[in-house]
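If you read the sequence shown in the working numbering, its first letter stands for residue 5, the second for the next number, and so on. Glycine included, C-beta positions come from ideal geometry on N, C-alpha and C. A quick note: this is a predicted structure, and the numbers were derived from the prediction, not measured. What follows is a set of notes on a single structure, which appears directly below.
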Amino acid sequence: MTDWHVKNNELDLTITIIQVFLSGFGMPLFFLIAGMGTFYALGFVKGELYAKDRIVRLVIPLLLGMVTHVSIQVYLERISKEQFTGSFFEFYPQYFNGLYGFGGNFTWTGFHLWFLLLLFFFTIITLKPLIYLRKEDNLNEISKLVKYLNKPGRIYLLAIPLIFFELINPFNEHLQFGGWNLFSHLFFYLYGYVIASNKQFKQSIEKNRNLGIIGGIISSFMLLFVMALFTNELLDSTVQFSDFLFWSLRAINGWFLTIVILGLISKHLNFNHKSRKFLNELIMPFYVLHQTIIIIVGFYIVSLDLSIFVKYIIISSISFVIITGLVLIIRRVNVLRFLFGMRLKKKKEG
5 MTDWHVKNNE LDLTITIIQV FLSGFGMPLF FLIAGMGTFY ALGFVKGELY
55 AKDRIVRLVI PLLLGMVTHV SIQVYLERIS KEQFTGSFFE FYPQYFNGLY
105 GFGGNFTWTG FHLWFLLLLF FFTIITLKPL IYLRKEDNLN EISKLVKYLN
155 KPGRIYLLAI PLIFFELINP FNEHLQFGGW NLFSHLFFYL YGYVIASNKQ
205 FKQSIEKNRN LGIIGGIISS FMLLFVMALF TNELLDSTVQ FSDFLFWSLR
255 AINGWFLTIV ILGLISKHLN FNHKSRKFLN ELIMPFYVLH QTIIIIVGFY
305 IVSLDLSIFV KYIIISSISF VIITGLVLII RRVNVLRFLF GMRLKKKKEG
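Structure follows, in structure tokens:
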């Protein structure tokens, strides 16, 4: 488990465990939904136009973050770890010296914006194969796969490639993004595309939801047991048996929980409402800004003589208010909408 940029002097094991579980299905779910979105989008626009749209919607907010507010995160980390003294404006020129993680400061992944980087990368390298997959003959082949996976429990066989990729993690941590292997994220993206391509997949997910709940609970307890039993070994940098056990269980647990959440979304959030459209367009700027704001607020709160729980509430509340306020401002200005990956608002919309 790697160090975060700004940390409290006292750590809480419960919060750490919750973080591990949330990362087990959080970002994979985003990639899966992104894959589904790609399938639907390619039904309306040609591949070339979609690629151009991805450049505008993903690369521009990524580059904006890299050269602006993400540098604040690096600055506060250097200050927090006593690796730099001085103002942010004195630090900023040094931000471009070398790559972060390799002795330098520049965040080539954009820190939390790595999702945008990977999603753009996945979109470009898979675009032609996925367009080819949309052809009727190929969709018929997918139907055969769906028919096979429609039997109880078989959809969980899709966890096998994820287990394989996660077992690479103990040997190469540089392939990890958000607690998952780079190739696992790619497969979640591809799974999302395939799931969206066939309506029977939705039925299969809903049919397997209860089994997923059982499997998710069992694998969660097993994962918790392994984390408690092998805490020191898992924190050790040397590769041990406990590492393979942990990553295998985490992949299985992540896929179980992903299916459960997809099933719940399919059943309870299958609606089109103005509030849903409003919230959907706020997701991108909220995501782009959230970590920078949290770190800025956290930097000033962690030094206070308060309990961890109180600090958590204060940081969460203040950060949410600030981020929401900034997002609502961004939403109203077309130039800012463009920079933060939102679609431009037509003049008549006000």
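Review point. Would you say Gly102 and Gly69 are within 8 angstroms of each other, going by their C-beta atoms?
Key: no
Check your understanding: Can you give the Cα-Cα distance for Ile83 and Thr111, rounded to whole angstroms?
Key -> 16 angstroms
Practice item. Indicate the three-state DSSP secondary structure (helix, strand or coil) for Trp112 in the structure shown. Key: In the three-state DSSP reduction, Trp112 falls in the coil class, being neither helix nor strand.
Check your understanding: Mind checking Leu122: buried by the 16 CB within 10 Å criterion, or exposed?
Key -> buried
Exercise for review: Have a look at Phe126, Leu268, Ile167, Ile135 and flag the residue whose alpha-carbon is nearest the alpha-carbon of Gly47.
Suggested key: Ile135
Check your understanding: What does DSSP give as the partner residues of Gln98 in its beta bridges?
Key -> According to DSSP, which records beta bridges pairwise, Gln98 is partnered with nothing at all.
Practice item. Would you tell me roughly how many angstroms separate the C-alpha atoms of Leu340 and Leu62, rounded to the nearest one? Key: 14 angstroms
Exercise for review: Measuring alpha carbon to alpha carbon, tell me which of Val74, Val150, Phe126 ends up nearest Ala200.
Suggested key: Closest option to Ala200, Cα to Cα, is Val150.
Point to revise | Residue nearest to Ile221 in terms of C-alpha spacing, selected from Ile256, Tyr193, Val10, Phe205 | key: For Ile221, the closest alpha carbon among the candidates Ile256, Tyr193, Val10, Phe205 is that of Ile256.
Review point. Given Ile21, which residues of its chain have a CB within under 8 angstroms of its CB, disregarding the five upstream and five downstream residues?
Key: Leu228, Met231
Point to revise | Counted within 10 angstroms of its Cβ, other Cβ atoms place Gly329 as buried (16 or more) or exposed | key: exposed
Exercise for review: Quick one: using the 10 Å Cβ neighbour count with 16 as the cut-off for buried, is Pro289 buried or exposed?
Suggested key: buried
Practice item. Would you kindly work out how many angstroms separate the C-alpha atoms of Asn109 and Ser147, rounded to a whole number? Key: Roughly 48 angstroms separates the two Cα atoms.
Practice item. Could you tell me the distance, in whole angstroms, from the CA atom of Val10 to the CA atom of Glu140? Key: 52 angstroms
Exercise for review: Grab me the residues of Gln186's own chain with a C-beta within less than 6 angstroms of its C-beta, minus the 5 sequence neighbours each way, in chain order.
Suggested key: The sequence shown places Leu at residue 186, not Gln. Leu179.
Review point. When the Cα of Tyr104 is compared with those of Glu94, Gln77, Ile129, Leu120, which residue comes out closest?
Key: The candidate whose alpha carbon is nearest that of Tyr104 is Gln77.
**Study point:** Neighbourhood of His73 by C-beta distance below 8 angstroms, restricted to the same chain and skipping five residues each side
**Key:** Leu293, Thr296
Review point. Tell me which same chain residues have a C-beta within less than 8 angstroms of the C-beta of Gly51, skipping the five on either side of it?
Key: Its chain contains Leu131, Lys132, Ile135 as the residues whose beta carbon lies nearer than 8 angstroms to that of Gly51, once the 5 sequence neighbours on both sides are disregarded; these appear in chain order.
Practice item. For Ile326, collect the residues of the same chain with a Cβ closer than 8 angstroms to its Cβ; drop the 5 residues on either side in sequence, then sort them by chain order. Key: Counting only Cβ-Cβ distances below 8 angstroms, and skipping sequence neighbours, we find Ile297, Val301.
Check your understanding: From what residue to what residue does the alpha helix (DSSP H) around Pro65 run?
Key -> Segment 64-71, the alpha helix (DSSP H) holding Pro65.
Check your understanding: So the alpha helix (DSSP H) Pro386 belongs to, where does it begin and stop?
Key -> Since the first and last residues shown for the chain are 5 and 354, residue 386 lies out of range.
Review point. Can you tell which of Leu120, Gln244, Tyr195, Tyr152 has its C-alpha closest to the C-alpha of Tyr291?
Key: For the residues Leu120, Gln244, Tyr195, Tyr152, the minimum Cα distance to Tyr291 belongs to Leu120.
**Study point:** Rounded distance between the beta-carbons of Pro156 and Leu80, thought under 8 angstroms
**Key:** Their Cβ separation, rounded to whole angstroms, is 50 angstroms, which puts Leu80 and Pro156 out of contact at 8 angstroms.
Practice item. State the start and end residues of the unbroken alpha helix (DSSP H) segment that holds Lys155. Key: Careful: Lys155 lies outside any alpha helix (DSSP H) and carries neither H nor E.
Exercise for review: Could you tell me whether the Cβ atoms of Ile159 and Asn212 are closer together than 8 angstroms?
Suggested key: In this structure, Asn212 lies closer than 8 angstroms to Ile159 by Cβ.
**Study point:** Extent of the continuous alpha helix (DSSP H) to which Ile318 belongs
**Key:** 312-336
**Study point:** Reduced DSSP secondary structure (H/G/I, E/B, other) of Asn4
**Key:** Because the chain here runs from 5 to 354, residue 4 falls outside it and cannot be looked at.
Practice item. For Gln4, name the three-state secondary structure that DSSP assigns. Key: Because residue 4 is not part of the residues shown, which for the chain are 5 to 354, the question remains open.
**Study point:** Glu195 versus Gly41 - alpha carbon distance
**Key:** One point to set straight first is that residue 195 is Tyr, not Glu, in the sequence displayed. As the crow flies, the alpha-carbon of Tyr195 is around 12 angstroms from that of Gly41.
Point to revise | Neighbour-count burial assignment, Thr262, 16 or more Cβ in a 10 Å radius | key: By the Cβ neighbour-count rule, Thr262 is buried, with 16 or more other Cβ atoms within 10 Å of its own.
Review point. Which residues mark the beginning and the end of the alpha helix (DSSP H) in which Val60 is found?
Key: Premise fails: Val60 is in no alpha helix (DSSP H) and is neither H nor E.
**Study point:** Trp184 versus Leu268: straight-line alpha-carbon distance, rounded
**Key:** 23 angstroms
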